[in-house]
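Presented below is the structure to which this report refers.
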Amino acid sequence: MSVRAAIEEATRDSYARVVATLIRITGDWDLAEDCAQDALAVALEKWPAAGVPENPGAWLLTVARNRALDVLRRASLERRKVAELAHLPLDPPSPAHDDRLRLIFTCCHPALSLPARVALTLRTIAGLPTAAIARAFLVTEPTMTRRLTRAKTKIAQAGIAYRVPSGAALTERLPSVLGVLYLLFNHGYGAGGETSFADEAVRLTRLLARLMPEQSEVAGLLALCLIQHSRRHARRDDSGALLTLAEQDRSRWDHAMIAEGLAALPDPGGPYALQARIAACHTRETTDWPQIAALYDRLAAVVPSPVVQLNRAVAYGYAQSPATGLTMLAEARVAGALDGYPYALAAEADLTARAGHTPAAVALFEQAAAAAHSPAEAQALLRRATELTSDT
Amino acid sequence: MQYMMFVCTDTEPETDESQIPDIFQWVADNDEAGRRVSGNELVPPSSATTVRVRGGELLLSDGPFAETKEVIVGFDLLECADLDEAIEVARTHPMAYSGRIELRPFHQE
Numbered sequence: 000m001s002v003r004a005a006i007e008e009a010t011r012d013s014y015a016r017v018v019a020t021l022i023r024i025t026g027d028w029d030l031a032e033d034c035a036q037d038a039l040a041v042a043l044e045k046w047p048a049a050g051v052p053e054n055p056g057a058w059l060l061t062v063a064r065n066r067a068l069d070v071l072r073r074a075s076l077e078r079r080k081v082a083e084l085a086h087l088p089l090d091p092p093s094p095a096h097d098d099r100l101r102l103i104f105t106c107c108h109p110a111l112s113l114p115a116r117v118a119l120t121l122r123t124i125a126g127l128p129t130a131a132i133a134r135a136f137l138v139t140e141p142t143m144t145r146r147l148t149r150a151k152t153k154i155a156q157a158g159i160a161y162r163v164p165s166g167a168a169l170t171e172r173l174p175s176v177l178g179v180l181y182l183l184f185n186h187g188y189g190a191g192g193e194t195s196f197a198d199e200a201v202r203l204t205r206l207l208a209r210l211m212p213e214q215s216e217v218a219g220l221l222a223l224c225l226i227q228h229s230r231r232h233a234r235r236d237d238s239g240a241l242l243t244l245a246e247q248d249r250s251r252w253d254h255a256m257i258a259e260g261l262a263a264l265p266d267p268g269g270p271y272a273l274q275a276r277i278a279a280c281h282t283r284e285t286t287d288w289p290q291i292a293a294l295y296d297r298l299a300a301v302v303p304s305p306v307v308q309l310n311r312a313v314a315y316g317y318a319q320s321p322a323t324g325l326t327m328l329a330e331a332r333v334a335g336a337l338d339g340y341p342y343a344l345a346a347e348a349d350l351t352a353r354a355g356h357t358p359a360a361v362a363l364f365e366q367a368a369a370a371a372h373s374p375a376e377a378q379a380l381l382r383r384a385t386e387l388t389s390d391t
Numbered sequence: 000m001q002y003m004m005f006v007c008t009d010t011e012p013e014t015d016e017s018q019i020p021d022i023f024q025w026v027a028d029n030d031e032a033g034r035r036v037s038g039n040e041l042v043p044p045s046s047a048t049t050v051r052v053r054g055g056e057l058l059l060s061d062g063p064f065a066e067t068k069e070v071i072v073g074f075d076l077l078e079c080a081d082l083d084e085a086i087e088v089a090r091t092h093p094m095a096y097s098g099r100i101e102l103r104p105f106h107q108e
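Heads up: the sequence lines are chains E and Z, in that order.
Per numbering that gives the first Met the number 0, the first sequence starts with residue 0, numbered consecutively.
Per numbering that gives the first Met the number 0, the second sequence starts with residue 0, numbered consecutively.
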């Protein structure tokens, strides 16, 4: 590992803690971020020559704290904040009072719009540059800056508390946090996505699982992300086209990550735990489709969404017969929510092919390719169409 | 913090009326807890009068300044620690079920 990589590794773990702590004491999100960024810059300047300090987190917090003190003292107000900052304990606090948890729950407060929650999480907790976040969500940098400013203004003006909810409120609020993390993960995992987002999502979910070991849905999300992320090096061929699970070279899966995911797997119950169980079934040498179909039955009962119905139809298409899958897919489509959805077309194409209706399947694969969200997906679907044509 | 709670109608009310809480209980509970500073119902917007002054001249018009399907039918002034507490107060109001509620914090300082 190069010095720079070592520094980045050491600082990434500490960044969110520094920001979260400074927000708790000062209530000033911009000040907290600026001081944390300043501390990072100082570290990058000094550490290559001086070496990474023994406790990089405490070092960064000290520098950031001193910056914040300077700013607040210059403003010659905020006496209480100055006093609290000056006496800030620099040892890591106990998990029950971890400021990062407060920060995560505040960034993911459901009174903020979903795009705002995602942007705040990436900017404030992960410390990613605004320009990179803007690029990933296809908006201009000024637009993303405004979105972040508006969210921080709302937190201050609307009185959104900087705290981890407890009791029944925690049960209500946790899905929003998990939803943001999973959206981040999928944004990184999806074709053409920013892969660093998936890494950040895994990192944050690991942190959340460590801080909230009693929450089985957090463990479920962690297991789900780890198992999916374990295939990151096997998901594409050399030309960048996406490969199906069956086509992937399993030796390129990250088996350590799979083991970590399987170890995290909680008892099935909530939607993430059930999806993680399903993902775990796909890691085995031979796929137990009846087991997967049964898990989808339970998932559809908890989350009756069209996409879950679609995946359930695919599972039954393998567990029972392509015809059963096609019937269930037709039922899932009745409500119209899957109209034009490329994965619904791709699933129909695959089921039709396996039912032996080759010309219809070729046409459906071509239709799915035309509707695909990315060139890599379109390429993979067109390859299936070509393979079918050359087989006959 | 103080929040102005606007109580509004909505075009898609909760259809299960057995779920809807009692307004008198809501007022009593929140008055007793000191979370409700004041509040009242408003008459329909058809009886509203819109006032403007332009070029020094008083311009009055009959009715609300904007015709909308969702209208404000009442308000309550809340005193709450933070937004989460205000949301807890709003969610137990009957109009959260049959209408909608907008929480607007007051400008601080």
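For glycine and all other residues, C-beta sits at the position ideal for the given N, C-alpha and C.
In this text, all values refer to a predicted model and were calculated from it rather than measured experimentally.
Z:PHE23 counts as exposed, since fewer than 16 other C-beta atoms from the protein chains shown sit within 10 angstroms of its C-beta. Contact between E:ALA222 and E:ALA263 holds: CB atoms are separated by about 4 Å, below the 8 Å threshold. Excluding sequence positions up to five before and after Z:ALA85, its CB lies within less than 6 Å of the CB of TYR2, LEU77, CYS79, LEU102, all in the same chain and listed in chain order. When C-alpha distances from E:ARG283 are compared across E:CYS107, E:SER250, E:ARG72, the shortest belongs to E:SER250. Around E:ALA343, the same chain offers LEU309, LEU337 as residues with beta carbons nearer than 6 Å, after the five sequence neighbours per side are excluded. Taking 8 Å as the threshold, the shortest C-beta distance from E:GLY158 to chain Z falls below it. Under the 8 Å criterion on CB atoms, Z:ASP83 is classed as interfacial with respect to chain E. The DSSP-derived three-state label of Z:MET94 is helix. In this structure, E:GLY268 and E:SER215 form a Cβ contact; the two beta carbons are roughly 6 Å apart against a cut-off of 8 Å. In terms of beta-carbon proximity, E:ALA168 lines the interface with chain Z, with at least one pair separated by less than 8 Å. Neighbours of E:PRO164 in chain Z, taken as residues at a C-beta separation under 8 Å, are given in chain order as ASP83. Considering only E:ALA197, E:ARG101, E:HIS232, the residue with the shortest C-alpha distance to E:LEU210 is E:ARG101. With respect to the 8 Å criterion, E:ARG382 and E:ALA233 are not classified as neighbours on the basis of their beta carbons.
Distance from E:SER13 to E:PRO55 at the Cβ level is roughly 6 Å; contact confirmed, criterion being Cβ atoms closer than 8 Å.
Secondary-structure assignment with DSSP links Z:GLN1 through a beta bridge to Z:GLU78. Under DSSP, Z:GLY38 takes part in a beta bridge, and its partners are Z:ASP75. Ranked by Cα distance from E:ALA57, the options E:GLU44, E:SER389, E:ARG73, E:LEU39 are led by E:LEU39.
In the three-state reduction of the DSSP assignment, Z:CYS7 falls in the strand class. Here the alpha carbon of Z:SER17 sits roughly 22 Å from the alpha carbon of Z:ASN29. With a cutoff of 8 Å on beta-carbon distance, E:ARG235 and E:TRP252 are scored as not near each other.
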